[in-house]
Amino acid sequence: MKLLTAQQIRFGVVGVANTLVDAVGFALLYSSVGLPLFIANLCSTTAGMLLSFVLNRNFTFRAKDGDVRKQVVLFFTITAFGLWVVQAAVIFAVGSLLPHVTVLVPKFAGIAVGLVWNYVLYQKVVFRQRTPVPVAATEQPGGTV
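Counted the way our numbering counts, the sequence shown spans residues 2 to 146.
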């Protein structure tokens, strides 16, 4: 039994890439360019999410077919909900259950749950592979069974 599939490894690689874009972009925009913290963070997270969409669509899930506009809406909705609702709920729950641990324990728990949330919903909803519907023999041009 494989511990991780090739698709899950590609998902991890994409996650590292978009996290680096976010972190380096934020550092440059905030420290070097001098943008306000909120604006620098908004720009860097947006760049990371855009990169994540493109790489997950084309590299991780190889979902080159399908309605890209629908995929964009679903991707950003699922990602935002995962970040702002799911992760926040996990942070709150773990922090409440383990009040004496460092703040990073609930945060990393939230990140872990968020990763699973994103992977499953990207795979099952956003970039779902559609299996072709076989044409019945009686429906084939010029032939019957």
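Heads up, the beta-carbon is just placed ideally off N, CA and C, and yes, glycines get one too.
Exposure of residue i, with buried meaning 16 or more beta-carbon neighbours within 10 Å
i      : result
Asp85  : Residue 85 is actually Trp in this sequence, not Asp. Exposed, because fewer than 16 other Cβ atoms sit within 10 Å of the Cβ of Trp85.
Gly35  : exposed
Leu122 : buried
Residue from the options whose Cα sits closest to the Cα of residue i
i      : options                       : result
Val25  : Ser45, Gly111, Ser97, Ala64   : Ser45
Phe27  : Asn19, Val114, Asn42          : Asn42
Arg11  : Arg63, Gly115, Val22          : Arg63
Arg70  : Ala81, Val104, Phe54, Gly83   : Phe54
Gly111 : Val127, Val126, Gln88         : Gln88
Gly49  : Gly115, Val114, Asn19, Leu116 : Asn19
For residue i, three-class secondary structure by DSSP
i      : result
Asp23  : helix
Ala41  : helix
Gly115 : helix
Thr132 : coil
Val121 : helix
Gly13  : helix
His46  : Per the sequence shown, residue 46 should be read as Thr rather than His. If DSSP states are grouped into helix, strand and coil, Thr46 belongs with the helices.
Leu4   : coil
Inter-residue spacing [alpha-carbon to alpha-carbon] between residue i and residue j
i      : j      : result
Gly16  : Lys65  : 19 Å
Phe76  : Ala94  : 25 Å
Gly67  : Phe60  : 15 Å
Trp118 : Leu98  : 21 Å
Ile92  : Tyr120 : 19 Å
Pro100 : Arg131 : 45 Å
Lys125 : Ile79  : 12 Å
Leu52  : Val22  : 8 Å
In chain order, each alpha helix (DSSP H) run of at least 4 residues that lies wholly inside the segment 51-120: 69-82, 88-98
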